Structure formats: structure tokens, C-alpha cells
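Using the working numbering, you'd call the opening residue of the sequence shown number 160 and step up by one each time.
Heads up, the beta-carbon is just placed ideally off N, CA and C, and yes, glycines get one too.
Note that this is a predicted model, so its numbers are computed, not measured.
Have a look at the structure below before the remarks.
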Amino acid sequence: MSTPRTIREYLEQLRAALGGADPALIQDALYDAEDHLRSELAENPGRSEAEVLAKIANSYGAPEEVAAIYVDKEQVVQQALRQPSPPPRRSALGRFFGVAADPRAYAALFYMLLSLATGIFYFTWAVTGLSLSLGLSILIFGIAFAVLFFGTVRVLALVEGRIVEVMLGERMPRRPPYTDRELSWRARIGAMFTDPRTWSTLLYMVLMLPLGIVYFTLAVVGISLSVGLVAGPFALLLAQFGLIEGGIYLDGRSIVPPIVMMPLALLLGIVLPFAVLHLARGVGRLQGALAKHLLVKSSAS
Numbered sequence: 160m161s162t163p164r165t166i167r168e169y170l171e172q173l174r175a176a177l178g179g180a181d182p183a184l185i186q187d188a189l190y191d192a193e194d195h196l197r198s199e200l201a202e203n204p205g206r207s208e209a210e211v212l213a214k215i216a217n218s219y220g221a222p223e224e225v226a227a228i229y230v231d232k233e234q235v236v237q238q239a240l241r242q243p244s245p246p247p248r249r250s251a252l253g254r255f256f257g258v259a260a261d262p263r264a265y266a267a268l269f270y271m272l273l274s275l276a277t278g279i280f281y282f283t284w285a286v287t288g289l290s291l292s293l294g295l296s297i298l299i300f301g302i303a304f305a306v307l308f309f310g311t312v313r314v315l316a317l318v319e320g321r322i323v324e325v326m327l328g329e330r331m332p333r334r335p336p337y338t339d340r341e342l343s344w345r346a347r348i349g350a351m352f353t354d355p356r357t358w359s360t361l362l363y364m365v366l367m368l369p370l371g372i373v374y375f376t377l378a379v380v381g382i383s384l385s386v387g388l389v390a391g392p393f394a395l396l397l398a399q400f401g402l403i404e405g406g407i408y409l410d411g412r413s414i415v416p417p418i419v420m421m422p423l424a425l426l427l428g429i430v431l432p433f434a435v436l437h438l439a440r441g442v443g444r445l446q447g448a449l450a451k452h453l454l455v456k457s458s459a460s
């Protein structure tokens, strides 16, 4: 591979050397590399870009060397952060009830409960920002408002990425997408508006409202049913002995299931929490894949 003579060439070679790596890792590596190269160039105003890059090749490393370091470091970090795997279970019952030992299932369940609040916020921010950007576009400060709004969208994408990575375990970017600083400010603003990830992030923010409603409803209904089915038989027994007042009546007649149904209700109440955890784990994988697809720049872009 030829020695890069410009920062753009260095970044393109680094992207090529990272081909096949996680898109989130590529985004972080490109941002860090550009930031370092720009800083070195600013500290050496009397040297050409090619001379600075030749010097950096010995200190910071050639693109292929930097790529190898990032891949190795990513493997170490992911191994350190990975949750310990529960012991393998061969039986179907063991796999079903073994979900209780998976911390990621509980984190995904909490994400489902949190998604309603974040979904409302993301949807409101996206719709309000787009509406105001279009409405103010006829005014002189309308473009400035739109640029500010799309900047906040990128920040929110990073925030959501951190939430997804921590709770759902999906590797997300820790740096914003790098921008070619050799372009004029007008060109960079135009690139922000034409970047597909800007619009896919807005789509993600809009989708989070209906998804958040579904996730929150499933989590609350599942938890409530589990608690009700477990507590119901005991409450009914206490009511039968007159220790508490309870019962659901319609026209003076109790509509509480007969005592013979209590074992079935108790069994369902015990099984349902594990089913909810399995559902939460599946939702976490689905949501992580959706966030990765809509919030992360692909390696080819």
C-alpha cells in the first residue's frame, strides 16, 4: 500500500484496512485518526501535509498498523465487557428457566420500560424540529436553525447508541461520523443534509414512538399478569378464611375463578415471568439490530 500524502488518502486507506470490521468500530477509528492527524498538522504549520504524514507514519502508525491495533483492542475490550455466559443447559426446561440467570434479559426488559419515555421525546424532537426547519426556511435564520437541529439529531444518535450498547449489548459508535475538514463550511453543511444517516436517524426517532408504546405495553402487561397470577390465589385463600376482604363482584355474584383453578393460575404466574424475560431478550436483539442499521454509518459510506 502506497504512503498516503494527504489526510483524505490516509483515512481512505484506514477504511480499506478495516474492511469487514464492525461499522461502529470503523466510525470511531476514522474519527480518532482524523482528529489526531489534524492536530499534528496544526502543530506543524511550516510543513506540508505530505511531510507531516510521513512523520506520523513512524509515530502514530501506517493505516494498516492502526487498523490492526484497533481490531486487537476491540477484541480485548469486548471480551472484558462481555457478560459471563450461563452454564449450557441441554434440556428444554433448563434453557427456558435458565433465562433468569441472563443479566442481558433484565437490561432489555428495563429498556422496554424506558422506551416509552425516550420514544415520546425522540418523536417530539424530530417532528417539531423538522416542522420548524421547514417553516423557518423562508427566513434568513431558517438555515441556521436547520443546521442546529440536525446537529442535535447527531448528538441524540450518539446518546441512543450508548443506551443501546449498555442495555442491549450491541456495539455502537462512541464517536460522531468524521467530516472532511478540507471542504468548505457550505460543502460540509450540504454533506450533512445529504448524508443518508441523517435521515435514517430521523426515521429511527419517529419509529421509536410506536415501538416504545408496544415495548412498554408488553413489559407492563407481562409483569402485571405475572404478579397478579401469583398473588391472586393467595389473596383468594386469605379472603376465604375471612382474613381480608376481597373479590370481584358483578350483580352481587363473585366472578373470581373457583378455587380449583388456583393451581393453574399459580403455575401460569410462575412460568410467565420467564416467558417475559425471553420476550425481552428477543426484543433487545431486534432493537439492537434496528439501531445498528439506522444509526451507524456503513463501512462503505
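- When rounded, the separation of the alpha-carbon atoms in Gln-237 and Asp-231 is 10 Å.
- Excluding residues up to 5 positions away in sequence, Gly-220 lie with their Cβ nearer than 8 Å to the Cβ of Ile-228 in the same chain.
- Under the three-state reduction of DSSP, Ala-424 is assigned to helix.
- If the five residues before and after Asn-203 are omitted, its C-beta is found closer than 6 Å to the C-beta atoms of Val-211, all from its own chain and listed in chain order.
- When only Cα atoms are considered, Leu-327 and Arg-444 end up about 7 Å apart.
- If the five residues before and after Arg-321 are omitted, its C-beta is found closer than 8 Å to the C-beta atoms of Met-331, Arg-333, all from its own chain and listed in chain order.
- Exposure of Pro-422 is indicated by the presence of fewer than 16 other C-beta atoms within 10 angstroms of its C-beta.
- If you look at Phe-309, you'll find it in the alpha helix (DSSP H) that goes 301-327.
- Cβ atoms of Val-435 and Ile-382 come within 8 Å of each other, at about 7 Å.
- Just measuring C-alpha positions, the residue of Pro-369, Gln-234, Asp-261 sitting nearest Ile-279 is Pro-369.
- Distances from the alpha-carbon of His-195 to those of Leu-170, Arg-356, Asp-181, Ile-302 put Leu-170 closest.
- Shown here, Tyr-219 sits in coil according to DSSP, grouped into three states, outside any helix or strand.
- Spanning the alpha carbons of Leu-425 and Val-258 requires a straight line of approximately 20 Å.
- Taking each of Arg-347, Thr-360, Ala-305, Arg-249 in turn and checking the Cα distance to Leu-289, the smallest one comes out for Ala-305.
- Looking at the backbone, the Cα of Glu-329 and that of Val-430 are separated by about 28 Å.
- Annotation for Asp-191: the continuous alpha helix (DSSP H) segment containing it runs 182-202.
- Here Val-225 has Leu-173, Ala-176, Ala-188, Ala-192, Tyr-219 as same chain residues with Cβ atoms under 8 Å from its own Cβ, once five neighbours each way along the sequence are excluded.
- Burial of Arg-440 is indicated by the presence of at least 16 other C-beta atoms within 10 angstroms of its C-beta.
- Straight through space, the alpha carbons of Phe-300 and Val-325 are spaced by roughly 38 Å.
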